[in-house]
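*Asks:* Sequential numbering from 1 applies to the sequence shown in full-length UniProt numbering.
By construction, the Cβ of each residue, glycine as well, lies at the ideal position given by its N, Cα and C atoms.
Quick one: structure below, then a few questions.
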Amino acid sequence: MTSTVFELHIHGETVPRNLELTIPFELSSHPFRKPVKLTLKAQQRFNKSANPETVQHILGKYNFHGRVARRKPFLSKAHRRARLEFPKSYIKKPPEFWISVLFVDESKYNVFGRDGKQMVWRKLNSELEMKNLTPSVKHGGGSPMIWGCMSAVGVRNLHFIDGMMDTYIYLEVLKQNLKQSAEQMGILPHYKLSG
Numbered sequence: 001m002t003s004t005v006f007e008l009h010i011h012g013e014t015v016p017r018n019l020e021l022t023i024p025f026e027l028s029s030h031p032f033r034k035p036v037k038l039t040l041k042a043q044q045r046f047n048k049s050a051n052p053e054t055v056q057h058i059l060g061k062y063n064f065h066g067r068v069a070r071r072k073p074f075l076s077k078a079h080r081r082a083r084l085e086f087p088k089s090y091i092k093k094p095p096e097f098w099i100s101v102l103f104v105d106e107s108k109y110n111v112f113g114r115d116g117k118q119m120v121w122r123k124l125n126s127e128l129e130m131k132n133l134t135p136s137v138k139h140g141g142g143s144p145m146i147w148g149c150m151s152a153v154g155v156r157n158l159h160f161i162d163g164m165m166d167t168y169i170y171l172e173v174l175k176q177n178l179k180q181s182a183e184q185m186g187i188l189p190h191y192k193l194s195g
C-alpha cells in the first residue's frame, strides 16, 4: 500500500483515501453531477467499485448536501455590477424620500404543475454561489403574469397579462396603471418609480 492510499471504512465498505478525496473535489467543480455518475467516474479512475450510497456518505462527511438549486436571472457581469450600484446610490436617502417611491413588479404564476426543480450538491450557506444556481430567463414560459405596485402608503393596481410579456406590453401596463395608482396613493405630483 502506498502512502497516498489509506483504507477507510464507511458503512462496511472499504474506500481508498484517494477515492474519498477525489469525490468532493470533483463535486466542487461540477455541483449538479449525480452521485451515480460520481461513482462510475471514481470506479473508472481508481478501478475500485463503490456504492452510490457510500459516495453520498462521503459527500455528507465533507458537508455536501443535496438541495434544490436556486434560480437566478440570466445576467451578465455588467448587469450584476449595475444591480449592485443601484441600491448603493440610494442607501443614504432620508425616510421622506421613500414615502414617494412607487415599487412595481411582475410575477409569473403556474396554473398547472410547476417549473422543474433541479437538485444540486452544495455546502451549507453556499446556495447563492454562481456554480450552485440554475439559470432562468425573465418572462419565460406561457403561464399567466400579474403586474402590481406598492408604496409606503399601500398596495394599488394589479394588472393581469395574457400571454407573453414584451417591452411594448410592459410599457402599456405602466401607461394604464402607474399614474392612476400614484394618484390613488396621494403621491402623484412627486412619485418616483422603482422596479
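1) Grab the span of the beta strand (DSSP E) containing Glu106 for me, first residue to last.
2) What first and last residue would you give for the alpha helix (DSSP H) that runs through Leu40?
3) Do Pro52 and Val36 have their CB atoms nearer than 8 Å?
4) With which residues is Ser194 paired in a DSSP beta bridge?
5) Between the C-alpha atoms of Ala152 and Ala78, what's the straight-line distance to the nearest angstrom?
6) Take Gly186 as the anchor and find which of His30, Met130, Ile99 has the nearest alpha-carbon.
7) Run through DSSP, which three-state label would Met1 get?
8) Which residues mark the beginning and the end of the alpha helix (DSSP H) in which Lys173 is found?
9) Beta-carbon separation of Lys108 and Met150 under 8 Å?
10) For the alpha helix (DSSP H) holding Leu158, just list the boundary residues, first then last.
11) Report all residues from its chain with a CB closer than 7 Å to the CB of Val101; omit the five preceding and five following residues, and keep chain order.
12) If you check the beta carbons only, do Pro31 and Lys92 fall under 8 Å apart?
13) Alpha carbon to alpha carbon, how far is Glu129 from Glu85?
14) Between the alpha carbons of Pro73 and Lys61, how many angstroms are there, rounded?
*Replies:* To lay it out plainly:
1) 101-108
2) First-last of the alpha helix (DSSP H) with Leu40: 35-46.
3) yes
4) By DSSP's assignment, Ser194 forms a beta bridge with Phe103.
5) 31 Å
6) Ile99
7) Confidence at Met1 is low in this model, with a pLDDT of 39, below 50, so its placement is unreliable and no value can be given for it.
8) This sequence places Val at residue 173; Lys is not what is there. Here the alpha helix (DSSP H) through Val173 covers 167-185.
9) Taking 8 Å as the Cβ cut-off, Lys108 and Met150 do not qualify as a contacting pair.
10) Careful: Leu158 lies outside any alpha helix (DSSP H), inside the beta strand (DSSP E) at 155-161.
11) Ser151, Lys192, Ser194
12) No, these two residues do not count as a Cβ contact at 8 Å.
13) 19 Å
14) Each residue's alpha carbon lies about 32 Å from the other.
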